[in-house]
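Working notes, structure below.
Residue numbers (the numbering used here): 2 to 324.
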């Protein structure tokens with residue numbers, strides 16, 4: 002039943018997105034073709050599925066949350082268009098990233114258009130509902146920008162602690178998952194208290210999701226992820242793995258040596274440090290502990306049994322995912 006509900010949500014999301022793409026303006030093609038391209042490339046659709054689950058877990062029809070689901074998926078893709086430019090990522094979901102296919106300027110402009118389209122999705126709701134959703138969307142969108150700036154600022158620093166890193170990923174990645182659940186719940190008629198508790202669950206899911214993403218970038222299977230492994234290392238990014246090493250070695254000689262390896266993108270040496278300190282095992286262990294706490298939180302909420310099972314199934318999928 003848990004997987005069945007998630008599958009039903011995913012089917013509804015894909016159908017709604019196909020219709021949305023069909024209704025996009027044809028002209029100017031230079032603006033809307035990149036939007037079509039990025040929305041048609043698929044993806045895990047975690048965020049819009051969470052929005053629909055936010056409605057379903059409290060007993061509402063998932064159809065009530067479709068505009069909110071569309072909103073968070075448009076916003077997420079907006080961030081990807083800009084992130085790929087900032088990170089110089091050539092591939093996204095196994096295909097050329099938008100800026101590589103259409104050029105940097107069009108990727109920026111099409112990303113801006115996706116942001117506006119995301120915002121407009123919430124106009125589909127009555128004022129009573131949209132007045133609840135807009136402040137959540139605004140807060141989330143600004144925090145995502147803050148998180149991205151923190152991430153870029155970290156690139157100029159020699160080291161970043163785990164505490165600092167977790168705050169960055171909370172804003173850059175996790176608040177969007179939290180807002181997806183919260184907005185979907187409110188769209189379905191849930192109380193603000195229940196919606197806020199679901200927001201916190203989504204944030205924890207997002208933190209686990211990003212730590213697993215960091216692990217996959219270094220240790221994942223390229224055929225499964227659709228991206229070359231080691232990209233974060235070559236770019237000298239301060240990931241959870243790098244922060245874990247920082248907390249382990251501090252400002253010791255070995256710590257300073259590691260920081261130099263990371264700055265120069267020395268993938269072979271950085272990977273050796275990760276193996277020696279068993280960073281992969283530590284990251285996976287942390288995700289399991291966070292997941293155990295999350296299970297207790299979900300079970301304590303007054304949700305429909307099938308809703309609880311679906312959330313538990315989703316968090317287990319994130320923990321064990323390979324892409």
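In this text, a Cβ means the ideal position worked out from N, Cα and C, and glycines have one as well.
Compute the distance between the beta-carbons of residue i and residue j, then report whether it is under 8 angstroms.
i: residue 175; j: residue 208; result: yes
i: residue 43; j: residue 101; result: no
i: residue 49; j: residue 71; result: yes
i: residue 171; j: residue 204; result: yes
i: residue 256; j: residue 250; result: yes
i: residue 183; j: residue 163; result: no
i: residue 215; j: residue 178; result: no
i: residue 99; j: residue 85; result: yes
i: residue 63; j: residue 315; result: no
i: residue 341; j: residue 46; result: Since the first residue shown for the chain is 2 and the last is 324, residue 341 is missing from the structure and cannot be characterised.
i: residue 128; j: residue 305; result: no
i: residue 233; j: residue 240; result: yes
i: residue 75; j: residue 146; result: no
i: residue 17; j: residue 67; result: yes
i: residue 278; j: residue 246; result: yes
i: residue 231; j: residue 285; result: no
Where does residue i land, buried or exposed, given buried means 16+ other C-beta within 10 angstroms?
i: residue 69; result: buried
i: residue 238; result: buried
i: residue 244; result: buried
i: residue 55; result: buried
i: residue 310; result: buried
i: residue 14; result: buried
i: residue 160; result: buried
i: residue 124; result: exposed
i: residue 293; result: exposed
i: residue 31; result: exposed
i: residue 271; result: buried
i: residue 106; result: exposed
i: residue 301; result: exposed
i: residue 181; result: buried
i: residue 60; result: exposed
i: residue 185; result: buried
i: residue 173; result: buried
Report the rounded CA-to-CA distance for residue i versus residue j, giving the unit in angstroms.
i: residue 10; j: residue 193; result: 22 angstroms
i: residue 169; j: residue 144; result: 9 angstroms
i: residue 111; j: residue 126; result: 25 angstroms
i: residue 195; j: residue 312; result: 14 angstroms
i: residue 26; j: residue 39; result: 15 angstroms
i: residue 135; j: residue 273; result: 47 angstroms
i: residue 157; j: residue 151; result: 10 angstroms
i: residue 281; j: residue 220; result: 8 angstroms
i: residue 154; j: residue 212; result: 19 angstroms
i: residue 149; j: residue 87; result: 10 angstroms
i: residue 252; j: residue 229; result: 31 angstroms
i: residue 109; j: residue 19; result: 23 angstroms
i: residue 90; j: residue 131; result: 35 angstroms
i: residue 283; j: residue 80; result: 29 angstroms
i: residue 259; j: residue 303; result: 47 angstroms
i: residue 118; j: residue 24; result: 12 angstroms
i: residue 114; j: residue 41; result: 16 angstroms
i: residue 197; j: residue 265; result: 43 angstroms
i: residue 104; j: residue 142; result: 25 angstroms
i: residue 307; j: residue 3; result: 6 angstroms
i: residue 254; j: residue 261; result: 11 angstroms
i: residue 133; j: residue 276; result: 47 angstroms
i: residue 318; j: residue 295; result: 14 angstroms
i: residue 28; j: residue 116; result: 18 angstroms
i: residue 97; j: residue 120; result: 27 angstroms
i: residue 140; j: residue 5; result: 32 angstroms
i: residue 165; j: residue 290; result: 19 angstroms
i: residue 167; j: residue 51; result: 21 angstroms
i: residue 92; j: residue 297; result: 38 angstroms
Could you check whether the Cβ of residue i sits closer than 8 angstroms to any Cβ belonging to chain B?
i: residue 42; result: In summary, chain B is missing from the structure at hand, where a single protein chain is found.
Check the DSSP bridge columns for residue i and list the partner residues they point to.
i: residue 94; result: Its beta-bridge partners do not exist; DSSP assigns none.
Which residues in the same chain have their Cβ closer than 7 angstroms to the Cβ of residue i, if we skip the five residues on either side of it in sequence?
i: residue 299; result: 202, 309, 312, 313
i: residue 77; result: 48, 177
i: residue 288; result: 209, 212, 213, 320
Grab me the residues of residue i's own chain with a C-beta within less than 8 angstroms of its C-beta, minus the 5 sequence neighbours each way, in chain order.
i: residue 65; result: 56, 188, 189, 190
i: residue 53; result: 10, 13, 14, 63, 66, 67, 70, 185
Taking 7 angstroms as the cut-off, is the beta-carbon of residue i closer than that to any non-hydrogen atom of the ligand NAP?
i: residue 312; result: Judged by which ligands are present, the structure shown has none, so any question about the ligand NAP falls away.
Kindly list the residues whose CB is nearer than 6 angstroms to the CB of residue i, restricted to its own chain and excluding five residues on each side of it in sequence; keep chain order.
i: residue 33; result: 25, 26
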